[in-house]
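There are 2 protein chains.
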Amino acid sequence: LLKELFPHTGRALTIGITGPPGAGKSTLVNAIASAVRAKGRRLGIIAVDPTSPFTGGAILGDRIRMTGHHADAGVFIRSMATRGQLGGLAAATSDVVLLLDAAGFEIVLIETVGVGQDETDVARVADITAVVLVPGMGDDVQALKAGIMEIADIYLLNKADQPGVDKLERDLRVLLKLAPRQDGWEPPIIRCVATDGTGVAEVLTGVGTFTGSDLHAARATANWSFRLRSMFRERVAQSIPSADVELAAAEVAARRIDPFTVVDGWLERAPNQT
Amino acid sequence: LLKELFPHTGRALTIGITGPPGAGKSTLVNAIASAVRAKGRRLGIIAVDPTSPFTGGAILGDRIRMTGHHADAGVFIRSMATRGQLGGLAAATSDVVLLLDAAGFEIVLIETVGVGQDETDVARVADITAVVLVPGMGDDVQALKAGIMEIADIYLLNKADQPGVDKLERDLRVLLKLAPRQDGWEPPIIRCVATDGTGVAEVLTGVGTFTGSDLHAARATANWSFRLRSMFRERVAQSIPSADVELAAAEVAARRIDPFTVVDGWLERAPNQT
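Line by line, the protein sequences are chains L and V. Going by my numbering, 238 is the number at position 238 of the first sequence; the sequence numbering is gapless. Going by my numbering, 251 is the number at position 251 of the second sequence; the sequence numbering is gapless.
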């Protein structure tokens, strides 16, 4: 199905929105959704839930369902759990984006909580990734990891009506100067107040700045490189009969053969990629 | 190196210790370490840090370094970040366990915070996994996910001197009756107070109950099945030239070919795996 639909995709703009818990991402997603709908454009929202095996999940999904958008036929909302997705969360998210794209949704927002590798990988599905920060993170801005700084195409300073936003922006600018992006992109820093819609128009303008740049096409290619590799990896892994794997595993567990020799053997009878 | 060392491994007992934040896992690990050292046995501790890209990490590692064990030559302590490990965290952890095993460490404790798929995967490195719970989780016990219940070989009710421990145990027993393990194992439930060492001897006895059962060998084989598959997956993925991947990705991004056809082609030029 996805294969047949694929030629009809490539028109949707996918925006990843990530940030620490409490940054107001869901509210911001709702504000952006309202702005997009006000222009009459259809929009998909994918909420990636950081389900904890101890406390349950659906943190984001529930909040989104509380808003008015769920009753609007021009908005598609889907909540995805981070656990138990075949081929990983990024793969599953990518498939949903393709479906929405083929169905004519023009904008797809992917909301994630930046808590782990899974969530960072999801950024590789988006055309552009916005990182949401809020005043009061204190010195935590300095703790922003290179992993996040490489995926942040724009920074959104939410709750910009609160004290501390000047310091936050100053700290962030220092950090960006100290550790500039390897691709030369200088991420715009945009202030907003998601609760009353202030700055949301500027967020969409900031997105446009990136998508109008040369980086946009390069990003799509880089994302597909990542995705092709993981698709191939899953397919190849599935191609080894389970019985063979279990037999080898028992031999390894008994120390009659080492795992490296086993894998070398599988590679030999497998892909000849020279 | 690991290949040469492999025949010298298989003697260490690896114990995974996981649970929600605040369950006192680090304190418990320290108490177990003291008990093991009191018997004169050498022990390795691997702390898997759930580094957040927003707030930094090393939550567990720092706490462990605060204890007295770091100065003891019979204790090896290693902190591992969850991000940016080639082939995943489970792979990297597995390699460290092999090294410690070959070096003659008899017990290896792997401490993780159960927050994501990565951490659950780490359980597949351990011979036995202990899940730590504490009173006051309230109804959260009912939210324990199947993923955790399948990996929990023993339950440790820490802070058992606090009110609510009876209710916690009762709730847990109901849950275990409602959703028994597929392999028939009935996980022991052990009360302890890590801060004063109460019950720590019983924890080691509980570990022995499992390792003395038939499940122990089956677990080792299952773990190696998982590990062999992921080693193979990584090796195969690395075997495709990057230039090929990028070329194909650009074609896919331009919608001149679909990704499924690309991956089919890569699989075809791979000799058969029948």
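Ideal Cβ positions, reconstructed from N, Cα and C, are used throughout, including at glycine. These figures come from a predicted structure and were not determined experimentally.
- [ ] Please classify residue 13 of chain L: does DSSP put it in a helix, a strand, or coil?
- [x] strand
TODO: With 8 angstroms as the threshold, decide whether the Cβ of residue 10 of chain V is near any Cβ in chain L.
DONE: yes
Open item on the list: Closest to residue 250 of chain V by C-alpha separation, out of L/263, L/122 and L/226, would be which residue?
Closed with: L/226
Open item on the list: I'd like to check one pair, residue 132 of chain V with residue 23 of chain V: are the Cβ atoms closer than 8 angstroms?
Closed with: yes
TODO: Answer with buried or exposed for residue 178 of chain V, where buried requires no fewer than 16 other C-beta atoms within 10 angstroms of its C-beta.
DONE: exposed
Open item on the list: Counting only beta-carbon separations shorter than 8 angstroms, does residue 258 of chain L have a partner in chain V?
Closed with: yes
Task: residue 185 of chain V versus residue 215 of chain V - alpha carbon distance - done: 8 angstroms
- [ ] Thinking residue 111 of chain V and residue 207 of chain V are a contact (beta carbons under 8 angstroms), I'd like their distance in whole angstroms, please.
- [x] Wrong, their Cβ atoms sit about 15 angstroms apart, outside the cutoff.
TODO: State whether the region 191-209 of chain L contacts the region 28-38 of chain L, with contact taken as three or more CB pairs (one from each stretch) at a distance under 8 angstroms.
DONE: yes
Open item on the list: Pull the bridge partners of residue 80 of chain V from the DSSP assignment, please.
Closed with: V/48
TODO: Show which residues of chain L have a CB atom less than 8 angstroms away from the CB atom of residue 298 of chain V.
DONE: Residue 298 of chain V is absent from the model: chain V starts at 1 and stops at 274.
- [ ] Kindly give me the distance between the Cβ atoms of residue 245 of chain V and residue 13 of chain L, rounded to whole angstroms, as I take these residues to be in contact under 8 angstroms.
- [x] Not confirmed; about 24 angstroms, so no contact.
Task: Contact with chain L by residue 6 of chain V, beta-carbon distance below 8 angstroms - done: yes
Task: Alpha-carbon to alpha-carbon, residue 128 of chain V and residue 15 of chain L - done: 42 angstroms
TODO: Kindly indicate which three-state DSSP category residue 43 of chain L falls into: helix, strand or coil?
DONE: strand
Open item on the list: Which residue marks the beginning of the beta strand (DSSP E) containing residue 191 of chain V, and which one marks its end?
Closed with: 189-191
TODO: Can you tell me which of the three DSSP states residue 144 of chain V falls into?
DONE: coil
TODO: Return the residues of the region 231-242 of chain L that lie within a Cβ-Cβ distance of less than 7 angstroms from chain V, sorted by chain order.
DONE: 231, 232, 233, 235, 236, 237, 239 and 240
Task: Local Cβ density within 10 Å of residue 1 of chain V, reported as buried at 16 or more and exposed below that - done: exposed
- [ ] Look at residue 157 of chain L and residue 190 of chain L and say whether their C-beta atoms are less than 8 angstroms apart.
- [x] yes
TODO: Give me the Cβ distance between residue 210 of chain L and residue 161 of chain L, rounded to the nearest whole Å; I'm assuming they're in contact under 8 angstroms.
DONE: Contact flag wrong, Cβ pair sits at about 25 angstroms.
Open item on the list: So residue 126 of chain V contacts chain L; which residues on that side make the cut at Cβ distance below 8 angstroms?
Closed with: The premise fails here: residue 126 of chain V is roughly 14 angstroms from chain L at the closest Cβ pair, so nothing lies under 8 angstroms.
Open item on the list: Using the Cβ count rule (16 or more neighbours within 10 Å means buried), how would you classify residue 25 of chain V?
Closed with: buried
TODO: Helix, strand or coil for residue 362 of chain V, going by three-state DSSP, please let me know.
DONE: The structure shown does not extend to residue 362 of chain V, since chain V is modelled only from 1 to 274, so the question has no answer here.
Open item on the list: For residue 104 of chain L and residue 170 of chain L, what's the separation of their Cα atoms in angstroms?
Closed with: 40 angstroms
Task: Minimum Cβ-Cβ distance from residue 221 of chain L to chain V less than 8 angstroms - done: yes
Task: Residue-level contact to chain L via CB, residue 263 of chain V, 8 angstroms cutoff - done: yes
Open item on the list: Please confirm whether residue 207 of chain V has its beta-carbon closer than 8 angstroms to some beta-carbon of chain L.
Closed with: no
Open item on the list: Closest to residue 108 of chain L by C-alpha separation, out of L/17, L/188 and L/192, would be which residue?
Closed with: L/17
TODO: Run down chain V in chain order and give the residues with a C-beta less than 9 angstroms from the C-beta of residue 25 of chain L.
DONE: Per Cβ cutoff of 9 angstroms: no residues; residue 25 of chain L is ~12 angstroms from chain V at best.
Open item on the list: Rounded to the nearest angstrom, what separates residue 164 of chain L and residue 192 of chain L at their Cα positions?
Closed with: 14 angstroms
Task: Those runs of the beta strand (DSSP E) which lie wholly inside the region 177-212 of chain V and span at least 3 residues - done: 189-191
- [ ] Can you tell me which of the three DSSP states residue 60 of chain L falls into?
- [x] With a pLDDT of only 48 at residue 60 of chain L, under the threshold of 50, the placement of this residue in the model should not be trusted; the figure read from the coordinates follows. Helix.
Open item on the list: Quick check on DSSP: helix, strand or coil for residue 169 of chain V?
Closed with: helix
Open item on the list: Whole angstroms are fine: how far does the CA of residue 11 of chain L sit from the CA of residue 43 of chain V?
Closed with: 56 angstroms
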